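Numbering (my numbering), first residue to last: 462 to 718.
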Amino acid sequence: MSVRLDVDEDTGVAVVALDRPHRLNAIDLDTAGELRDLWRGLRFDDRVRAVVLTGAGGRAFSTGIDRDAVVPQPDSPYMQDDPLLTVGPKANDLWKPVIAAVEGMACGGAFYLLGECEFLVAGADAVFFDPHTAYGMVSAYESVLLAQRMPYGEVARMMLMGTAERISARRAHEIGLVSEVTEAGGALKAAVACAAVVAGYPPTGVQGTVRALWAAKDAARASAYAQAPHLIALGNLPSERQAELFTGRPAQKPRIR
462 MSVRLDVDED TGVAVVALDR PHRLNAIDLD TAGELRDLWR GLRFDDRVRA VVLTGAGGRA
522 FSTGIDRDAV VPQPDSPYMQ DDPLLTVGPK ANDLWKPVIA AVEGMACGGA FYLLGECEFL
582 VAGADAVFFD PHTAYGMVSA YESVLLAQRM PYGEVARMML MGTAERISAR RAHEIGLVSE
642 VTEAGGALKA AVACAAVVAG YPPTGVQGTV RALWAAKDAA RASAYAQAPH LIALGNLPSE
702 RQAELFTGRP AQKPRIR
């Protein structure tokens with residue numbers, strides 16, 4: 462299993478951990494399936510009233526889709542399969558609050574998960590970036606999700622600068638992506654403390670609030686998502702060329718701001 466679930470029945474808080482530290486918690490097809498099953502299972506688990514989502518190992522929350530994952534695609538320009546579209550809690554109709562605890566890197570497809578969390582707590586060493594453009598890919602779904610959390614210019618800069626820049630936890634807090642910055646290694650403890658408070662409130666009111674907050678963004682997100690497959694089909698380089706860019710990436714250290 463590459464996703465770990467721990468439930469504290471006394472507090473009503475579950476901790477969900479991506480547990481592939483040897484791959485920087487990148488999501489392969491098996492992990493994507495485990496996440497879907499886990500979120501749907503938590504809908505029926507009355508022990509759990511709030512969830513904390515994190516990544517094991519400390520080096521990364523997640524680096525998105527595993528580069529070695531082979532995703533079969535229909536032989537049609539009108540259909541695309543994206544395994545990350547269904548890895549988040551909201552995509553699986555879970556309306557219990559989910560708080561993210563981020564240490565280390567969070568990039569690319571990690572935003573499918575972070576974009577469906579209520580808020581983010583980050584350790585001081587956390588960094589955020591999106592490598593899509595550097596490797597000849599369109600950042601579509603990730604951009605849509607972050608555009609609903611950050612000022613437009615900040616999202617645009619993150620997505621367009623690709624691997625050349627990383628946003629520090631401090632800067633992420635300044636622009637509203639992160640709600641709290643802790644000492645390095647302290648994000649999980651702080652997120653669990655917040656979750657325990659929320660889990661102590663009557664769950665129907667909490668879940669209704671989560672649903673209302675998400676509903677406020679539904680129409681814009683659905684409209685943008687409808688455009689995403691076409692933009693990806695038009696803008697992505699062939700997978701072979703993407704791989705060349707990835708393996709031949711320059712060695713310069715990215716700027717952290």
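For every residue, glycine included, the Cβ atom is placed at its ideal position computed from N, Cα and C. As the structure is a computational prediction, the values presented were derived from the model and not from experiment.
Cutoff 7 Å; reference residue i; Cβ partners in own chain excluding five residues on either side
| i | result |
| --- | --- |
| Arg497 | Thr547, Val548 and Asn553 |
| Ile636 | Met611, Pro612 and Glu615 |
Cα-Cα separation between residue i and residue j, rounded to whole angstroms
| i | j | result |
| --- | --- | --- |
| Leu574 | Ala654 | 20 Å |
| Leu479 | Gly516 | 5 Å |
| Leu638 | Met566 | 14 Å |
| Asp591 | Met619 | 6 Å |
| Val477 | Arg627 | 25 Å |
| Ala680 | Ala608 | 14 Å |
| Gln713 | Lys557 | 42 Å |
| Val599 | Ala617 | 12 Å |
| Tyr602 | Ile693 | 10 Å |
| Arg508 | Gln668 | 15 Å |
Per-residue burial, residue i [other beta carbons within 10 Å of its own, 16 or more giving buried]
| i | result |
| --- | --- |
| Tyr596 | buried |
| Phe505 | exposed |
| Ile717 | exposed |
| Ser700 | exposed |
| Ser684 | exposed |
Unbroken alpha helix (DSSP H) run spanning residue i, endpoints
| i | result |
| --- | --- |
| Thr670 | Pro664 to Gly696 |
| Met566 | Run containing Met566: none in the alpha helix (DSSP H); it sits in the beta strand (DSSP E), Met566 to Cys568. |
| Leu490 | Leu490 to Leu503 |
Chain B within 7 Å of residue i, Cβ atoms only
| i | result |
| --- | --- |
| Thr515 | Any reference to chain B falls outside this structure, which holds one protein chain only. |
N-terminal and C-terminal residue of the beta strand (DSSP E) that residue i is part of
| i | result |
| --- | --- |
| Cys578 | Neither: Cys578 is in no beta strand (DSSP E) and is coded neither H nor E. |
Three-state secondary structure assigned by DSSP to residue i
| i | result |
| --- | --- |
| Arg627 | strand |
| Thr524 | coil |
| Leu485 | coil |
| Arg710 | coil |
Nonlocal neighbours in the same chain, by C-beta distance under 8 Å from residue i, ignoring five residues either side
| i | result |
| --- | --- |
| Pro533 | Asp542 |
| Val464 | Val477, Ala478, Leu479, Asp480, Thr492, Glu495, Leu496 and Leu499 |
Own chain residues within Cβ distance below 6 Å of residue i, not counting five before or after
| i | result |
| --- | --- |
| Gly623 | Pro592, Thr594 and Ala595 |
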